[in-house]
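Colleague:
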Amino acid sequence: MSPRTEEQLIKHKAEKRKVITQAALKLFSEEGFQSTSISKIAKEAGVSKGLIYTYFESKEELLRFLILDTIDEMFGIAEVSLGINPTDESFEKMISDYFDWVQINRAFLQIYFGILMQPSVMKLFEKEIMAKAYNVFERMSVYFKNKGFEDPLSETRFFISILDGIYMNYIMDSENYPLAKAKSRILTMYLK
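Note that numbering that gives the first Met the number 0 has the sequence shown beginning at 0, numbered continuously upward.
(1) Since I believe Leu62 is in contact with Phe27 (beta carbons under 8 Å), could you give me their beta-carbon distance rounded to a whole number of angstroms?
(2) Quick check on the DSSP output: the alpha helix (DSSP H) that includes Ser173 runs from which residue to which?
(3) Please go through the same chain and pick out, in chain order, the residues whose beta-carbon is closer than 7 Å to the beta-carbon of Leu186, but skip the five residues on each side of it.
(4) Which one of Thr86, Lys146 and Arg105 has the shortest CA to CA distance from Asn168?
(5) Given Phe98, which residues of its chain have a CB within under 7 Å of its CB, disregarding the five upstream and five downstream residues?
(6) Decide if the stretch 67-77 is in contact with the stretch 122-132; the criterion is three or more beta carbon pairs, one per stretch, under 8 Å apart.
(7) Counting along the chain, where does the alpha helix (DSSP H) carrying Arg138 start and finish?
(8) For Ile83, does the three-state DSSP call read helix, strand or coil?
(9) Given that a residue counts as buried once 16 or more other Cβ atoms are within 10 Å of its Cβ, and exposed if not, what is Leu8?
(10) Please classify Pro269: does DSSP put it in a helix, a strand, or coil?
(11) Out of Val18, Arg184, Asn175 and Val141, state which residue places its alpha-carbon closest to the alpha-carbon of Pro85.
(12) So the alpha helix (DSSP H) Lys42 belongs to, where does it begin and stop?
(13) Under 8 Å by Cβ, that's how I've got Phe112 and Ile170 pegged, so tell me the actual separation to the nearest angstrom.
(14) Tell me where the alpha helix (DSSP H) around Met116 begins and ends.
(15) Smallest Cα separation from Ala44: which of Val18, Ala13 and Val135?
(16) Looking only at C-alpha atoms, which of Leu162, Ala23, Phe157 and Asn145 sits nearest to Lys191?
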């Protein structure tokens, strides 16, 4: 067997990192961050503890990577959907894309909202999350300004709060929560 090429090594490392982060995500969402050990993550991922430490210095760093990587994905939806000059069509696309994303990433959202409720853990990510959110807030504010809202930034915060509330309720009762109706209601509220 010939040695791996650099491209193969990069792909292999990315695959191992994904296996580790998916195992951590599963355990963090099921057992909580504090109750999950590196040993449990290694067992769930089918790798050694040493391999985990090759990729992440600590459980906190693993959580940081998981949160920030997924936040990038989440905020990326808004940036791509809204574009530079948001329109009703791009707003509708963003809402649609977000609701699809929420259904796929339910386990991540359980962790994310759990972290929001733990100030000591949230402090690990607060600055990075707010820095990433700034661009999305700015684009949303442009949309709400174009829609004629007096205070576009406040409307953006209100809108984000509505989404957070919907997502929290969906996470708690995904079998019964009327996600499609919530999506329809948001579109009705803003696409006048």
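From the three backbone atoms N, C-alpha and C, an ideal C-beta is built for every residue, glycine too.
Modeller: Let me spell this out:
(1) In the sequence shown, the residue the question calls residue 27 occupies position 28. In the sequence shown, the residue the question calls residue 62 occupies position 63. Right, the Cβ-Cβ distance comes to about 7 Å (below 8 Å), so this counts as a contact.
(2) For the purposes of this step, residue 173 is taken as the residue at position 174 of the sequence shown. That residue, Ser173, is in no alpha helix (DSSP H); it is neither H nor E in DSSP.
(3) The count along the sequence shown starts at 1 and reaches residue 186 at position 187. Cβ neighbours of Leu186 beyond the five flanking positions: Glu91 and Ile94.
(4) Residue numbering aside, residue 168 sits at position 169 when the sequence shown is read from its first letter. Here the closest residue by C-alpha is Arg105.
(5) Within the sequence shown, residue 98 is the residue found at index 99, counting from 1. The residues are Leu178 and Lys182.
(6) yes
(7) Residue mapping note: residue 138 aligns to position 139 of the sequence shown, counting from 1. Segment Glu125 to Asn145, the alpha helix (DSSP H) holding Arg138.
(8) One-based indexing of the sequence shown puts residue 83 at position 84. Here Ile83 sits in coil by DSSP.
(9) In the sequence shown, counting from the first residue as 1, residue 8 sits at position 9. With fewer than 16 Cβ atoms within 10 Å of its Cβ, Leu8 is classed as exposed.
(10) As displayed, the chain neither begins before 0 nor continues past 191, which places residue 269 out of reach and without an answer.
(11) Residue numbering aside, residue 85 sits at position 86 when the sequence shown is read from its first letter. Answer by Cα proximity: Val141.
(12) Residue mapping note: residue 42 aligns to position 43 of the sequence shown, counting from 1. It spans Ile37 to Ala44 - the alpha helix (DSSP H) in which Lys42 sits, taken as one unbroken run.
(13) The count along the sequence shown starts at 1 and reaches residue 112 at position 113. The count along the sequence shown starts at 1 and reaches residue 170 at position 171. Indeed, because the Cβ distance is near 7 Å, the residues count as touching under 8 Å.
(14) Numbered from 1 along the sequence shown, position 117 holds the residue referred to as residue 116. Here Met116 belongs to no alpha helix (DSSP H), and DSSP marks it neither H nor E.
(15) Residue 44 sits at position 45 when you count from the first residue of the sequence shown. When each option's Cα is compared against that of Ala44, the closest is Val18.
(16) The residue labelled residue 191 in the question sits at position 192 within the sequence shown. Answer by Cα proximity: Asn145.
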